[in-house]
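S.K.: Take this structure, written in structure tokens, and hold onto it; I'll ask about it next.
2 protein chains.
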Amino acid sequence: MTVTTPAPARAIDNPARALVCRGCGSEFPLAPQHACWQCFGPLEVAYHPDALRSVTREQIAAGPPNLWRYAGLLPAGQDPATRVTLDPGLTPLVRADALAAEVGLRARLWVKDDSANPTHSFKDRVVSVALTAARAFGFTRVACASTGNLANSVAAHAARAGLPSVVFIPADLEPGKVVTTAVYGGDVVAVDGSYDDVNRLCGELVETDEFEDTAFVNVNVRPFYAEGSRTLGFEVAEQLGWRIPAQVVIPMASGELLTKVDKAFTELVAAGLVEPPDGGWRVFGAQAAGCNPIVAALHAGVDEIAPVKPTGIAKSLNIGDPAAGRYALAAVRRTGGWMEYVDDDEIRDGIRLLGRTTGIFAETAGGVTAAVLGKLVRTGRLDPDAETVVFNTGEGLKTIEAVSSLVGPTHRVAPSLRAAREAGLLGRA
Amino acid sequence: MTVTTPAPARAIDNPARALVCRGCGSEFPLAPQHACWQCFGPLEVAYHPDALRSVTREQIAAGPPNLWRYAGLLPAGQDPATRVTLDPGLTPLVRADALAAEVGLRARLWVKDDSANPTHSFKDRVVSVALTAARAFGFTRVACASTGNLANSVAAHAARAGLPSVVFIPADLEPGKVVTTAVYGGDVVAVDGSYDDVNRLCGELVETDEFEDTAFVNVNVRPFYAEGSRTLGFEVAEQLGWRIPAQVVIPMASGELLTKVDKAFTELVAAGLVEPPDGGWRVFGAQAAGCNPIVAALHAGVDEIAPVKPTGIAKSLNIGDPAAGRYALAAVRRTGGWMEYVDDDEIRDGIRLLGRTTGIFAETAGGVTAAVLGKLVRTGRLDPDAETVVFNTGEGLKTIEAVSSLVGPTHRVAPSLRAAREAGLLGRA
Numbered sequence: 101m102t103v104t105t106p107a108p109a110r111a112i113d114n115p116a117r118a119l120v121c122r123g124c125g126s127e128f129p130l131a132p133q134h135a136c137w138q139c140f141g142p143l144e145v146a147y148h149p150d151a152l153r154s155v156t157r158e159q160i161a162a163g164p165p166n167l168w169r170y171a172g173l174l175p176a177g178q179d180p181a182t183r184v185t186l187d188p189g190l191t192p193l194v195r196a197d198a199l200a201a202e203v204g205l206r207a208r209l210w211v212k213d214d215s216a217n218p219t220h221s222f223k224d225r226v227v228s229v230a231l232t233a234a235r236a237f238g239f240t241r242v243a244c245a246s247t248g249n250l251a252n253s254v255a256a257h258a259a260r261a262g263l264p265s266v267v268f269i270p271a272d273l274e275p276g277k278v279v280t281t282a283v284y285g286g287d288v289v290a291v292d293g294s295y296d297d298v299n300r301l302c303g304e305l306v307e308t309d310e311f312e313d314t315a316f317v318n319v320n321v322r323p324f325y326a327e328g329s330r331t332l333g334f335e336v337a338e339q340l341g342w343r344i345p346a347q348v349v350i351p352m353a354s355g356e357l358l359t360k361v362d363k364a365f366t367e368l369v370a371a372g373l374v375e376p377p378d379g380g381w382r383v384f385g386a387q388a389a390g391c392n393p394i395v396a397a398l399h400a401g402v403d404e405i406a407p408v409k410p411t412g413i414a415k416s417l418n419i420g421d422p423a424a425g426r427y428a429l430a431a432v433r434r435t436g437g438w439m440e441y442v443d444d445d446e447i448r449d450g451i452r453l454l455g456r457t458t459g460i461f462a463e464t465a466g467g468v469t470a471a472v473l474g475k476l477v478r479t480g481r482l483d484p485d486a487e488t489v490v491f492n493t494g495e496g497l498k499t500i501e502a503v504s505s506l507v508g509p510t511h512r513v514a515p516s517l518r519a520a521r522e523a524g525l526l527g528r529a
Numbered sequence: 101m102t103v104t105t106p107a108p109a110r111a112i113d114n115p116a117r118a119l120v121c122r123g124c125g126s127e128f129p130l131a132p133q134h135a136c137w138q139c140f141g142p143l144e145v146a147y148h149p150d151a152l153r154s155v156t157r158e159q160i161a162a163g164p165p166n167l168w169r170y171a172g173l174l175p176a177g178q179d180p181a182t183r184v185t186l187d188p189g190l191t192p193l194v195r196a197d198a199l200a201a202e203v204g205l206r207a208r209l210w211v212k213d214d215s216a217n218p219t220h221s222f223k224d225r226v227v228s229v230a231l232t233a234a235r236a237f238g239f240t241r242v243a244c245a246s247t248g249n250l251a252n253s254v255a256a257h258a259a260r261a262g263l264p265s266v267v268f269i270p271a272d273l274e275p276g277k278v279v280t281t282a283v284y285g286g287d288v289v290a291v292d293g294s295y296d297d298v299n300r301l302c303g304e305l306v307e308t309d310e311f312e313d314t315a316f317v318n319v320n321v322r323p324f325y326a327e328g329s330r331t332l333g334f335e336v337a338e339q340l341g342w343r344i345p346a347q348v349v350i351p352m353a354s355g356e357l358l359t360k361v362d363k364a365f366t367e368l369v370a371a372g373l374v375e376p377p378d379g380g381w382r383v384f385g386a387q388a389a390g391c392n393p394i395v396a397a398l399h400a401g402v403d404e405i406a407p408v409k410p411t412g413i414a415k416s417l418n419i420g421d422p423a424a425g426r427y428a429l430a431a432v433r434r435t436g437g438w439m440e441y442v443d444d445d446e447i448r449d450g451i452r453l454l455g456r457t458t459g460i461f462a463e464t465a466g467g468v469t470a471a472v473l474g475k476l477v478r479t480g481r482l483d484p485d486a487e488t489v490v491f492n493t494g495e496g497l498k499t500i501e502a503v504s505s506l507v508g509p510t511h512r513v514a515p516s517l518r519a520a521r522e523a524g525l526l527g528r529a
């Protein structure tokens, strides 16, 4: 708990109704199932429209200072005692005037800083919702396939809840992400292969008898997991005083985060909690040049995502075969947005730009987003006079290698006034 | 800003009254002065008793979800527009039943997790208050002497506020702490010497004409800086439902944090905001074996702190000549507490213990505190039946070297079911 908030007087009901196939529209009961038995398409949680409409701004404001304030819009955890949680969310929305000036935006610019979550990435949101659903389904062990941040979050949540965990990561991950996962004491399996290889292995393991009791947050309980990302959209709207910004710039790995922020905005409007902005909102996606299959499809004007073999420093975005890529494409096209990508040097510059102008130290994914923001302004894709929110999804300390050769002490001196003077710290020597 | 909270209807007055010498009791006006002109003793902020008594729990609860909710108890920043801040504070108070069981505590145990602050240490508290006071005094540049965390926080706050910064650090700091400071774009001066050497140099620089416009947060505005630590005590009491715990275990570098948490509890009682616990509270201090001058004085039964040359991995606690050591001794003796120290191996074990049982990854200072907690229970100094709060003041990602050789992947496999089976992940191979 963060602060002792009185429980709401009336219990909230679970607003979720069913799992619906994003491909063929088939419906299934709420259960640990992630693919459609008809067409093998991915499943998504659908809600009772009346349940969403019954949620009020006042009810949300009276909730805890974390994502569980949106329990009336989530598919699990309505009873606080059932939550598996480090209490993520309600991360800062930071006004970024200096960043706006540097990239050439004239309208208000905000950074939604999800490095402020308990394990310092937006993954705490999806994990908290997924593990709460998983425990309600009776799972007794938790697992994931991860590019690093997800493993951190699953292992930490498991430690807090006293659940055994086993996380699967590519063997070449940044050391920061491996150590901070292993320190929680669960099993950490390094897999010789890419994230896509790790993900495939987990898809096989989940079908074995030995893993019958195990919730893989991004495999068998994925529909519940993915819903946690919507809280980023809910928070942005609430923190802006219940408004939706005209433009959002979002990093893409699987593409799911982008689609869920867009879904959150749509739901808030349908629930009567916000009015849409004049002209609607526009959604922009960001990838790294080393792994840009979704951007490439948009630029080529096609619907099919051609998988790539990821390279480059933005490892948390290195999903070469992005599960939600086609839905991200659809959201960007529907809203009149765009996507861009940047190379490793631009990513490093983006990290430093964000640090210098906002006091936020982002991981490589945040550097991607900051750099893409600039590129979208320069290329005329982003309206410089429309309010914009950019998403920083992770913490610079986890990918310190990206900038450690570029920044360091600006001076080195002996501990004396004379040495300080000779180093130019007191004007001319 | 974190969330749009309506401003309180009535402006809060600054409750600070004067600077008072902790040595001889001389009083001075509120100004950037840190030492007594009579006896050279350190100065501390004193408050109007009536002002503190006018603060109510309801007023605090209506404030923002960060340390500025206690503006009525702070010496700066009553007008939100004047704050230089990343909005630190209101960090999680985590119930730690599994940790209690491992160390042999039967009563409730909590971890106050200040790694959740914006730059991931408790230093954001003191910096936010110090820089707010400094800007009100007209300073146009900010600086500090730092063991790392303070430099991070000063540089990040300066970047957010658009102020130039220059931070002074020992040249042998952990790489994580150097990079995350330098990324904000200010000057970073590596000094060939210990923290005490760095601190001495800053004490000389502050007297030069060239640094006349510069607020050294822990030198010339130190009395305001130190007051920020009290918010840790305020929060613990508020988060416990306006109660003071029977026992607190606090890491010591200068010793100031311990004295300020004790002062916060005393003030809350005087202000009528809480009742003291039956039998009062007891304050316990933690240091590392490589730098334990305050503990050594307590164990020797003397008042004078003999300076040491620090060694060991807990660099954020490595202050060999601790400015507030005698006041920490006095607080521990007055309340009937105790102090202990632990060696580097125990610190590493403490980090892993905390991670495994709470899902919190602490820096070395947190490992010190967790390990000292266990030692205090084992040696009978801590009452195992009295509610206890331990303070984690920093983030494990900043001192990853401490445990990187001890934890890592538990398995390494090729991406196939067969490899997973041979590695024992599916029972016997």
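Protein sequence lines, in the order shown, are assigned to chains A and B. The numbering of the first sequence is the numbering used here, which starts it at 101 and goes up by one. The numbering of the second sequence is the numbering used here, which starts it at 101 and goes up by one. Glycine residues also receive a C-beta, built at the ideal position from the N, C-alpha and C atoms. Quantities reported herein were computed from a predicted structural model and do not represent experimental measurements.
Mind pulling the beta strand (DSSP E) runs of 3 or more residues that sit fully within the segment 285-346 of chain A?
M.R.: Entirely contained in the segment 285-346 of chain A, the beta strand (DSSP E) runs reaching 3 residues are, in chain order, 287-291 and 314-316.
S.K.: Just the C-alpha distance for A/L525 and A/R456, rounded to the nearest angstrom, thanks.
M.R.: Stepping through the first sequence from its first residue, residue 525 of chain A is reached at position 425. Stepping through the first sequence from its first residue, residue 456 of chain A is reached at position 356. Taking the straight line from one Cα to the other gives about 21 Å.
S.K.: Which residues of chain B have a Cβ atom closer than 9 Å to the Cβ of A/K498, listed in chain order?
M.R.: Here residue 498 of chain A refers to the residue found at position 398 when the first sequence is read from its first residue. Here the neighbours are L497.
S.K.: Over what stretch of residues does the alpha helix (DSSP H) that includes B/T281 continue unbroken?
M.R.: One-based indexing of the second sequence puts residue 281 of chain B at position 181. That run of the alpha helix (DSSP H) goes P275 to A282.
S.K.: For a cutoff of 7 Å on Cβ pairs, would you count A/S538 as touching chain B?
M.R.: Since the first residue shown for chain A is 101 and the last is 529, residue 538 of chain A is missing from the structure and cannot be characterised.
S.K.: Buried or exposed: which applies to B/T102, given that a residue is buried once 16 or more other Cβ atoms fall within 10 Å of its Cβ?
M.R.: Position 2 of the second sequence, counted from the first residue, corresponds to residue 102 of chain B. In this prediction, B/T102 has a pLDDT of 44, which is less than 50 and means its spatial position is unreliable; what the coordinates show is noted afterwards. Classification for B/T102: buried.
S.K.: State yes or no: is the beta carbon of A/T510 nearer than 7 Å to at least one beta carbon in chain B?
M.R.: The residue given as residue 510 of chain A occupies position 410 in the first sequence. Chain B contact via Cβ: present.
S.K.: Using a Cβ-Cβ cut-off of 7 Å, state whether B/T280 counts as contacting chain A.
M.R.: As a working mapping, residue 280 of chain B is identified with position 180 in the second sequence. Chain A, which has a Cβ nearer than 7 Å to the Cβ of B/T280, makes this yes.
S.K.: Can you list, in chain order, the residues of its chain whose CB lies under 7 Å from that of B/I500, leaving out five sequence neighbours each side?
M.R.: Stepping through the second sequence from its first residue, residue 500 of chain B is reached at position 400. G276.
S.K.: Short of 7 Å Cβ to Cβ, which residues in the segment 286-307 of chain B face chain A?
M.R.: D287, V288, V289, A290, V291, D292, G293, D297, V298, R300, L301, E304 and L305
S.K.: Over what stretch of residues does the beta strand (DSSP E) that includes A/R241 continue unbroken?
M.R.: Residue numbering aside, residue 241 of chain A sits at position 141 when the first sequence is read from its first letter. Start and end: R241 to A245.
S.K.: Quick one: what does DSSP say B/D378 is sitting in, helix, strand or coil?
M.R.: Here residue 378 of chain B corresponds to residue number 278 of the second sequence, with the count starting at 1. Here B/D378 sits in coil by DSSP.
S.K.: Counting only Cβ-Cβ distances shorter than 8 Å, please list the residues of the segment 443-459 of chain A near chain B, keeping chain order.
M.R.: I451, R452, G455, R456, T457, T458 and G459
S.K.: Taking the Cβ atom as the reference point for each residue, do A/V155 and A/A371 lie within a distance shorter than 7 Å?
M.R.: For the purposes of this step, residue 155 of chain A is identified with residue 55 of the first sequence, where counting begins at 1. For the purposes of this step, residue 371 of chain A is identified with residue 271 of the first sequence, where counting begins at 1. Cβ atoms of A/V155 and A/A371: closer than 7 Å.
S.K.: Under a three-way DSSP split, which group does B/H399 fall into?
M.R.: As a working note, residue 399 of chain B is residue 299 in the second sequence. Helix, per DSSP.
S.K.: Taking B/H257 as the query, report the chain A residues whose CB atoms sit under 8 Å from its CB, ordered along the chain.
M.R.: Within the second sequence, numbered from 1, the residue matching residue 257 of chain B stands at position 157. Going along chain A in sequence order, the residues near B/H257 (Cβ under 8 Å) are G459.
S.K.: Whether or not the segment 155-174 of chain B and the segment 285-303 of chain B are in contact is what I'm after, with contact meaning three or more pairs of Cβ atoms, one per stretch, closer than 8 Å; do they touch?
M.R.: no
S.K.: Which one or two residues does DSSP pair with B/Q159 in a beta bridge?
M.R.: Here residue 159 of chain B corresponds to residue number 59 of the second sequence, with the count starting at 1. Note: B/Q159 sits in no beta bridge, so no partner.
S.K.: Check for me: the alpha helix (DSSP H) holding B/V442 runs from which residue to which?
M.R.: Against the second sequence, residue 442 of chain B aligns to sequence position 342. Run containing B/V442: none in the alpha helix (DSSP H); it sits in the beta strand (DSSP E), M439 to V442.
S.K.: Do B/S253 and B/G286 have their beta-carbon atoms positioned less than 7 Å apart in this structure?
M.R.: Along the second sequence, one-based indexing puts residue 286 of chain B at 186. Along the second sequence, one-based indexing puts residue 253 of chain B at 153. Contact flag unset, no.
S.K.: Roughly how many angstroms lie between the CA atoms of B/A100 and B/P377, to the nearest whole one?
M.R.: Chain B is shown from 101 up to 529; residue 100 of chain B falls before or after that span and cannot be answered.
S.K.: Give every residue of the same chain whose Cβ lies closer than 8 Å to the Cβ of A/P108, excluding the five residues on either side of it in the sequence, and list them in chain order.
M.R.: Position 8 of the first sequence, counted from the start, is the residue given in the question as residue 108 of chain A. Legend: pLDDT at A/P108 = 46, less than 50; position of this residue unreliable, value from coordinates given subsequently. Hits under 8 Å: Q159, A162 and G163.
S.K.: Check whether the Cβ of A/P165 lies closer than 7 Å to any Cβ atom in chain B.
M.R.: Along the first sequence, one-based indexing puts residue 165 of chain A at 65. Interface residue, yes.
S.K.: Taking only three categories from DSSP, how would you classify A/W137?
M.R.: For the purposes of this step, residue 137 of chain A is taken as the residue at position 37 of the first sequence. The answer is coil: DSSP assigns A/W137 none of H, G, I, E or B.
S.K.: With 7 Å set as the bound, which would you pick, yes or no: does the beta-carbon of A/V507 sit closer than that to a beta-carbon of chain B?
M.R.: Along the first sequence, read from residue 1 onward, the residue named residue 507 of chain A stands at position 407. It does: the Cβ of A/V507 has a partner Cβ on chain B nearer than 7 Å.
S.K.: Since B/V374 contacts B/R343 with CB under 8 Å, what's their CB separation in whole angstroms?
M.R.: Within the second sequence, the letter at position 274 stands for residue 374 of chain B. Within the second sequence, the letter at position 243 stands for residue 343 of chain B. Correct: roughly 6 Å between the Cβ atoms.
S.K.: Can you check whether the CB of A/G459 is closer than 7 Å to the CB of B/R183?
M.R.: Here residue 183 of chain B is taken as the residue at index 83 of the second sequence, counted from 1. Here residue 459 of chain A is taken as the residue at index 359 of the first sequence, counted from 1. Result no, Cβ atoms of B/R183 and A/G459 do not sit closer than 7 Å.
S.K.: With a threshold of 8 Å, are at least 3 pairs of Cβ atoms found where one atom belongs to the segment 312-327 of chain B and the other to the segment 436-455 of chain B?
M.R.: Contact between the segment 312-327 of chain B and the segment 436-455 of chain B is absent, because fewer than three Cβ pairs lie under 8 Å.
S.K.: Of all the CB atoms in chain A, is at least one closer than 7 Å to the CB of B/Y284?
M.R.: Looking up residue 284 of chain B in the second sequence gives position 184. At least one chain A Cβ lies under 7 Å of B/Y284.
S.K.: Could you name the residues of the same chain whose beta carbon sits closer than 6 Å to that of A/F334, not counting the 5 residues immediately before and after it, in chain order?
M.R.: Position 234 of the first sequence, counting from 1, holds the residue named residue 334 of chain A. Cβ contact annotation for A/F334 (same chain, cutoff 6 Å, sequence separation greater than five): Y170 and A364, in chain order.
S.K.: In whole angstroms, give me the CA-to-CA distance for A/P515 and B/E463.
M.R.: Residue mapping note: residue 515 of chain A aligns to position 415 of the first sequence, counting from 1. Residue mapping note: residue 463 of chain B aligns to position 363 of the second sequence, counting from 1. Approximately 27 Å between the Cα atoms of the pair.
S.K.: Using a C-beta cutoff of 7 Å, does A/E487 count as contacting chain B?
M.R.: In the first sequence, the residue the question calls residue 487 of chain A occupies position 387. Answer no: the Cβ-Cβ gap between A/E487 and chain B never drops below 7 Å.
S.K.: Any chance the CB of A/V489 is under 6 Å from a heavy atom of the ligand GDP?
M.R.: Ligands displayed in this structure: none; no statement on the ligand GDP is therefore possible.
S.K.: What is the rounded straight-line gap between the Cα of A/Y295 and the Cα of B/L417?
M.R.: As a position in the first sequence, residue 295 of chain A is number 195, starting the count at 1. As a position in the second sequence, residue 417 of chain B is number 317, starting the count at 1. Whole-angstrom Cα-Cα distance: 39 Å.
S.K.: Contact criterion: CB-CB distance below 7 Å. Does A/V513 meet it with respect to chain B?
M.R.: Here residue 513 of chain A refers to the residue found at position 413 when the first sequence is read from its first residue. With 7 Å as the cut-off, A/V513 counts as an interface residue toward chain B.
S.K.: Would you say A/E310 faces chain B, with C-beta separation under 7 Å as the test?
M.R.: Taking the first sequence and counting its residues from 1, the one referred to as residue 310 of chain A is at position 210. With 7 Å as the cut-off, A/E310 counts as an interface residue toward chain B.
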